[in-house]
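Asks: Structure in structure tokens, see below.
Chains as they are written, first to last, in our numbering: chain W, 1 to 337; chain R, 1 to 720.
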């Protein structure tokens, strides 16, 4: 463990200023459920931790007006249990309930959750920690060192959005649900506040898999906003994993439907567990629009999402599993009135 | 003699455990302790060339760095002598994560920082290696075990099944990590560590550090889960002991979980080729079973033992068993709950299911029809074999008659496909000779000193129940001293012989104590329980020794126990063979679209002779079944053959079952004593609980989906 300073700013502006002042090695921390893990693994080695959880009013959940607004510091468990969210936007609530474990959801925040890093085993092992013993190259962790997952044990790796440099899966559930609902991320930096559509928030790995987010250095996430939509009620987050709880997705689907009788007026769909970023399935949305939804159509359309999939050695099953998961999600969402 | 069923009593140490009062090894208070951290090797095979202790020394709080230079040169191995102790710190690297140094510091944080700095300074000469079971590894066959003519029987069989079944590498993940805490006291080493065999640890440290064993105490009063992981001398023990000697202060090591996946015993990957034949009447006529497993040269986990259980599952007169070790560059494999019969029964019980389907027979009926009273491997009688009673009771409780034989013929209300499967399990019933000391005092206490280790199985509860069944003593005054090399010789508590052995010795002690009291009291009949009566008779205490010998053992076995040897007998006794049996029934629900599998319920009926403590015995079976569900559907240690370490080395990525994975588990016992193995008639239980359960689940999956999965874990990947 290397020593670090620990700062507790009282406002977002102070946090941004503190970051600039601290200089090299400054990192924001909220619930710490991912960052402290990464520090123990030796992947994150911050010199300055700027704890944003003391920022006044940053945990507000607002469901009035034209959009839902979640302060970055709202706990995952608080948003999941919020009456309006659970009742009107099951896709959001379920994506949070199906993540992690109660202890983690009580600590982790919906803003910092967007920045959770991949669970790729080669990424997590190999930063010199004595608690996890491996020594594996990883372009995300050590740019230019290579990718051990390509040609290695790749059962958990992505089949969509991969590059020659990286196949690591984007681990989140909540970001997938937000991607389906066209959410935006509000951020504050030294140059002021801005709003980033969530579909632009995540970067494909390309040749720089270490660059994961469209955040400038020193920018802090202050809120997540979701446009109000009637489709929220006909929505679900369906998650397939290796055990019934406390596991990351092998494949997941966030679905919200606007229906007219049994006909799809508009579908909003994003996939998790199978791609290097939360994966908006626009092609499937188009294929469903205006059509009478049945399981056969759902599966046929869902397979379209994987037309460009590039499986490795052991993760080819994710193509079929991802399509089945999405088709099931569509049927679950349709049955919700 | 206690031949009646035992009553159910509460677990005697449950309250303290729930309240957090129980002291596990790393909890034992030390005065001004130092904290230690191992430095794991970053290559799989080769040599550590250099290490810069200075980089660790510069970390504030680091007190000392130990390297191979700090240990005596091991003596030349003696082929006729006892097995050598585990090595300490060596420059030769035999597996990934092998400890190459120990950093000792004033705080855990400093020890970690020092260890990481030291690890980064290491340079190696790497050599080629083979880290996983494969074709390229050196291979060593063991002596085959053959009865009759399996080849001829198979050639003549009306139905024949031939296939290969695979078990992955699996690591025990008890919540309590590997830990060693050592202090010096008046020239003695006092070692606390979770250990299933404290005397083995003691001799291991003595051997490694070339010390007098008499100057070493090892204690393991409570273990937070062991399951075979903590049964042998562990590598870190002597290393930490040496650190305490060199620093003159208590030193405590708790290994991180990621290290546990590299430097401990584990279930080796294994392959099981099964050829099984039956005649037209459904009678099994021949079994050829070839087992291959990973091992390391000199590894204690013997390949030959796959045939101990497999050859006795059914009355198959023609048996051919071969076994081989394939050597890999990893830490030696060891005993993990269920041990050899776990893999053997997954394979053979799956094959039997295939044979039942191929011959159009009911899977329960074909098992019932192949029972035997004779040990096919020796021709001796099998004592108290109640496998068929397990199968019948299990089928009744499970509602097997509702099962329709066709694939995917049963559906649940939620649209999932129901599959139902059955499998048997078997495990050798061994016993160890031993001696206990029982003292009942007028002050209200009853103290039993015994060989044994409490690792969650409830051995204290069993011993208390044994005492209370024969003696009217104050139940709240019972103290049971276990796992302490100063108090008594300690044989390894493993292989499910612990209860069998020590309960019998305790029952003997209780009978002797009752006799001693009768002699003391004569015609007098004071009121009150035994403690009170002693007070009324003005006798401070009565103390006796109780003894247990296995069938066929003579007084030399007891002497061997006193000399801290390992006087183990069975399952082949001079006149008979004794095994424990279990029948598992599984109902799975398979989602038709994504092929998600849920084990909705299990019924497991056990024949382990007399049940000594119904509550802890049930708990043992629950634990074994839960673990088997994890083993079947999730657990597997993933090793990239290019690197040699375990990749999924934490509880998030090594998929143990969680509560949400577990459905209903119904457990029952036959509770018929085995009169030939001991007066009490108890046989082992702990290992047995998992054996066959994976096959029952795999057979249920076959019933639901038509897919026969011949390897573990079974995942959606295999069923889509």
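Think of the CB as a built atom: it goes at the ideal place given N, C-alpha and C, for glycine as much as any other residue.
Small disclaimer: the values here were computed from a predicted structure and weren't measured.
Tell me which same chain residues have a C-beta within less than 8 Å of the C-beta of residue 266 of chain R, skipping the five on either side of it?
Replies: Within the same chain, residue 266 of chain R has close Cβ partners 169, 170, 171, 172, 229, 331, 333, 334, 336, 637.
Asks: How long is the line joining the alpha carbons of residue 315 of chain W and residue 369 of chain R, rounded to whole angstroms?
Replies: The alpha-carbon atoms of residue 315 of chain W and residue 369 of chain R are separated by roughly 43 Å.
Asks: Can you check whether the C-beta of residue 275 of chain W is within less than 8 Å of a C-beta belonging to chain R?
Replies: Taking Cβ atoms only, chain R never reaches closer than 8 Å to residue 275 of chain W, which makes this a no.
Asks: Could you tell me whether any Cβ in chain W is nearer than 8 Å to the Cβ of residue 602 of chain R?
Replies: Answer no: the Cβ-Cβ gap between residue 602 of chain R and chain W never drops below 8 Å.
Asks: Mind the definition here: the region 346-353 of chain R touches the region 389-409 of chain R only if three or more C-beta pairs lie below 8 Å; say whether that holds.
Replies: Touching, no, given that fewer than three Cβ pairs across the two stretches are closer than 8 Å.
Asks: Got a sec? Which residues, its chain only, sit under 7 Å from residue 444 of chain R by beta carbon, not counting five neighbours each side?
Replies: Answer for residue 444 of chain R: 474, 477, 531, listed in chain order.
Asks: Are residue 564 of chain R and residue 199 of chain R closer than 8 Å when you measure CB to CB?
Replies: Taking 8 Å as the Cβ cut-off, residue 564 of chain R and residue 199 of chain R qualify as a contacting pair.
Asks: Taking only runs that begin and end inside the region 13-47 of chain R, name each unbroken alpha helix (DSSP H) of 4 or more residues, in chain order.
Replies: The region 13-47 of chain R contains these whole alpha helix (DSSP H) runs: 14-18.
Asks: When the Cα of residue 103 of chain R is compared with those of R:119, R:117, R:135, R:64, which residue comes out closest?
Replies: With distances taken between Cα atoms, residue 103 of chain R lies closest to R:64.
Asks: Taking the straight line between their C-alpha atoms, what separation do you get for residue 23 of chain W and residue 190 of chain W?
Replies: About 13 Å.
Asks: Here's the rule I'm using: 16 or more other beta-carbon atoms within 10 Å means buried, otherwise exposed. How should residue 66 of chain W be labelled?
Replies: With fewer than 16 other Cβ atoms within 10 Å, it is exposed.
Asks: Near residue 259 of chain W, what residues of its chain come up, given a Cβ to Cβ distance below 8 Å and the 5 sequence neighbours on each side ignored?
Replies: Hits under 8 Å: 234, 265, 293, 334.
Asks: Could you check the C-alpha separation between residue 39 of chain W and residue 574 of chain R for me, to the nearest Å?
Replies: Taking the straight line joining both Cα atoms gives about 60 Å.
Asks: Taking buried to mean at least 16 other C-beta atoms within 10 Å of its own C-beta, is residue 610 of chain R buried or exposed?
Replies: Residue 610 of chain R is buried by the Cβ-count criterion.
Asks: Under a CB-based cut-off of 8 Å, is residue 313 of chain W close to chain R?
Replies: Cβ-Cβ to chain R under 8 Å: no for residue 313 of chain W.
Asks: Measure from the alpha carbon of residue 491 of chain R to the alpha carbon of each residue in R:547, R:141, R:568, R:389, then state which is nearest.
Replies: The candidate whose alpha carbon is nearest that of residue 491 of chain R is R:568.
Asks: According to DSSP, simplified to helix, strand and coil, what is residue 2 of chain R?
Replies: The predicted position of residue 2 of chain R is uncertain, since its pLDDT is 47 and thus under 50; no value can be drawn from it.
Asks: Kindly say whether residue 243 of chain W, judged by its beta-carbon, lies nearer than 8 Å to any beta-carbon of chain R.
Replies: By this cut-off, residue 243 of chain W is an interface position.
Asks: Which chain R residues are close to residue 324 of chain W, counting only those with a beta carbon under 7 Å from its beta carbon?
Replies: Under the 7 Å cutoff, chain R gives 593, 594.
Asks: Would you kindly report the start and end of the unbroken alpha helix (DSSP H) that includes residue 388 of chain R?
Replies: Segment 387-398, the alpha helix (DSSP H) holding residue 388 of chain R.
Asks: Answer yes or no: does any C-beta atom of chain W fall closer than 8 Å to that of residue 709 of chain R?
Replies: Chain W, which has no Cβ nearer than 8 Å to the Cβ of residue 709 of chain R, makes this no.
Asks: Which chain W residues are close to residue 413 of chain R, counting only those with a beta carbon under 8 Å from its beta carbon?
Replies: The contacting residues do not exist; residue 413 of chain R stays about 15 Å from chain W at best.
Asks: Starting from residue 113 of chain R, trace the alpha helix (DSSP H) in both directions and tell me its first and last residue.
Replies: Unbroken alpha helix (DSSP H) run through residue 113 of chain R: 108-121.
Asks: Looking at C-alpha atoms only, which residue of W:139, W:135, W:273 is the closest neighbour of residue 208 of chain W?
Replies: Among W:139, W:135, W:273, the Cα nearest to that of residue 208 of chain W belongs to W:139.
Asks: Note down the Cα distance separating residue 165 of chain R from residue 273 of chain R, rounded to an integer number of angstroms.
Replies: Approximately 6 Å, taken between the alpha carbons.
Asks: Find the nearest neighbour of residue 13 of chain W within the set W:6, W:55, W:305, judged by alpha-carbon distance.
Replies: If we check each option's Cα against that of residue 13 of chain W, W:55 comes out closest.
Asks: May I have the straight-line CA-CA distance separating residue 680 of chain R from residue 440 of chain R, to the nearest angstrom?
Replies: Cα to Cα, residue 680 of chain R sits roughly 21 Å from residue 440 of chain R.
Asks: What residues of chain R sit near residue 135 of chain W, judged by a beta carbon separation below 9 Å?
Replies: Within chain R, the residues near residue 135 of chain W are 42, 43, 96, 643, 645.
Asks: Are the beta-carbon atoms belonging to residue 115 of chain W and residue 248 of chain W less than 8 Å from one another?
Replies: For residue 115 of chain W and residue 248 of chain W, no; Cβs fall outside 8 Å.
Asks: Going by CA-CA distance only, name the one from R:407, R:162, R:485 that's closest to residue 703 of chain R.
Replies: Here the closest residue by C-alpha is R:407.
Asks: How far does the beta strand (DSSP E) with residue 184 of chain W in it reach, from first residue to last?
Replies: Residues 184-189.
Asks: For residue 428 of chain R, collect the residues of the same chain with a Cβ closer than 7 Å to its Cβ; drop the 5 residues on either side in sequence, then sort them by chain order.
Replies: Counting only Cβ-Cβ distances below 7 Å, and skipping sequence neighbours, we find 308, 309, 570, 571, 579.
Asks: Let me make sure I understand the geometry here. Which of R:690, R:689, R:710 has the alpha-carbon closest to that of residue 699 of chain R?
Replies: Ranking the options by Cα distance to residue 699 of chain R, first place goes to R:710.
Asks: How would you list, in chain order, the residues of chain W whose beta-carbon sits under 8 Å from the beta-carbon of residue 39 of chain R?
Replies: Neighbours of residue 39 of chain R on chain W, chain order: 130.
Asks: When you check each C-beta in the region 109-133 of chain R against every C-beta of chain W, which residues fall closer than 7 Å?
Replies: Answer in chain order: 109, 112, 113, 115, 116, 119, 120.
Asks: Between W:162, W:201, W:74, which lies nearest to residue 58 of chain W when the distance is taken from Cα to Cα?
Replies: With distances taken between Cα atoms, residue 58 of chain W lies closest to W:74.
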